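J.:
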Amino acid sequence: MWRTFRLARQFLIRNKEYAGIRIQGGRDYQEDDFGFDNSRPNDFLMILADGMGGHQGGAHASHCVVKTFMNSYHSAKGSVAKRLRRALRKADQQLALEAKDKPKLDGMGCTLVGVAISDEQLEWISVGDSPLWLYNADRLYRLNADHSMKPLLEEQVRNGELTPDEAATHSDRNMLRSAITGTEIELVDQPSEPLELYPGDRLLLASDGILTLSEDEIGLILQKDLSAKKLVKELLGAVEGKGKRYQDNTTALVVVIPDELEAAKKQSKSWRWQTSVLLLLLILNLMLWASVQWRVVDLPELVERFSQVWASDAPKEPKEPASPERQGAEESDSDESIQPPPPV
């Protein structure tokens, strides 16, 4: 029974839906970048980077890191965890090379979250403050660490060193303690063990612009029975609906693991469609075979042929004797045709 359950879980997870969209918000330029790779069986990767360093620097950094990370991950050998670490190191090294070649990009950097799904398990590597959530059993869980100053300020509130209002308006609240800048990375978040995924789970990976919404608001959207693409649109629509001035770039990537009931419905529709196609092909093949075996005749031609056959098989009526006038004429004609020419 356990084997049956595992096979069912494998099928559902490998038939996951995923989608991603980014919006510019109230900023003059877009510094977020992201990517998916589902080209290899049982080896899914998604990545998001939120750039910093001005118009050119931030956009260039996020694009460079996403591209290098994805290429390095799939060319690496070993466990998923090792491949994630190698991809992060290569991305940081590539950013250092590009900053050296292009001095105007000096100071650029980005956050990064790389998420891998393999063997029904989730692993990630994370630098910066871009959040990764799991929605499971009607609850929303923040999976990765927040490398901004926010957790430290919240700890000071718990210790009575700051009031909640002071922490919420602190000038350092959004300052990053770790980022990819082409130098040594201060903090890296990576789980020691993979996380099991189950039917009905949803993953949300986003840039920090999504934090215009509260976690309660995010959870209420993720609980809806919608496709990954529709969930992304609802999330970003809710962000825009806040009308926040100077809204940050916001990117949302959603992965939906279908539950058993939804998968069964889709499978049933798939079987009905496949059966209809097979039936149509069978009919076409029979028609083709019949056209080879028998000559296809048009209906009018068929009627004419049957009429001829019917006429040839019907009893013939006796001919009426010719009239004397006609008979004489016939004999005369006949005599003229056989009499010899007159003597000269």
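For the sequence shown, the positions run -10 to 333 when our numbering is used.
Glycine residues also receive a C-beta, built at the ideal position from the N, C-alpha and C atoms.
This structure is a prediction, so every number in the text was calculated from the model and none was measured.
Answer yes if the region 11 to 26 comes into contact with the region 76 to 88, meaning at least three C-beta pairs across the two stretches below 8 angstroms, and no otherwise.
T.: With a cut-off of 8 angstroms, the region 11 to 26 and the region 76 to 88 do not count as touching, because too few Cβ pairs lie within range.
J.: Throw me the rounded Cβ distance for the Asp197 and Ser119 pair, which I believe falls under 8 angstroms.
T.: That pair is a contact at about 6 angstroms.
J.: For a test of the three-state rule: what should DSSP assign to Gln110, helix, strand or coil?
T.: Three-state DSSP puts Gln110 in a strand.
J.: Give a yes or no on whether the C-beta atoms belonging to Val244 and Lys71 are separated by under 8 angstroms.
T.: No, they are not a contact pair.
J.: Can you tell me whether DSSP reads Gly47 as helix, strand or coil?
T.: Here Gly47 sits in helix by DSSP.
J.: What would DSSP say about Ala8, mapped onto helix, strand or coil?
T.: Strand.
J.: Which first and last residues belong to the beta strand (DSSP E) in which Gly24 is found?
T.: That run of the beta strand (DSSP E) goes 21 to 29.
J.: Provide the residue(s) that pair with Val102 in DSSP beta bridges, ordered along the chain.
T.: In DSSP, Val102 forms a bridge with Leu37, Ser115.
J.: In chain order, which continuous runs of the alpha helix (DSSP H) of length 4 or greater are located wholly inside the region 122 to 209?
T.: Runs of the alpha helix (DSSP H) inside the region 122 to 209: 139 to 147, 153 to 157.
J.: Does DSSP put Leu267 in a helix, a strand or coil?
T.: Note: Leu267 maps to helix in three-state DSSP.
J.: Could you please give the first and the last residue of the uninterrupted alpha helix (DSSP H) stretch that includes Arg241?
T.: It should be pointed out that residue 241 corresponds to Ala in this sequence rather than to Arg. Counting along the chain, Ala241 falls outside any alpha helix (DSSP H), though it belongs to the beta strand (DSSP E) covering 239 to 245.
J.: Nearest to Tyr7 by CA position, among Asp95, Leu192, Ser203, is which residue?
T.: If we check each option's Cα against that of Tyr7, Leu192 comes out closest.
J.: Where does the unbroken alpha helix (DSSP H) through Gln82 begin, and where does it stop?
T.: Taken as a continuous stretch (DSSP letters only), the alpha helix (DSSP H) holding Gln82 covers 69 to 90.
J.: Checking 8 angstroms against the spacing of the C-beta atoms, do Ile10 and Lys222 come in under that value?
T.: Contact: yes.
J.: Measure the CB-CB distance between Gln110 and Leu211 and report whether it falls below 8 angstroms.
T.: No, the pair does not count as a contact, with Cβ atoms beyond the cut-off.
J.: What does a CB cutoff of less than 7 angstroms around Ser51 pick up in its chain, not counting 5 residues either side in sequence?
T.: Hits under 7 angstroms: Glu20, Asp21, Asp22, Ala38, Asp39, Gly40, Cys99.
J.: Going by DSSP, what residue range makes up the alpha helix (DSSP H) through Ala65?
T.: No alpha helix (DSSP H) contains Ala65, which DSSP labels as neither H nor E.
J.: Would you kindly check if the distance between the Cβ of Trp122 and the Cβ of Pro180 is under 8 angstroms?
T.: No, the Cβ-Cβ distance between Pro180 and Trp122 is not below 8 angstroms.
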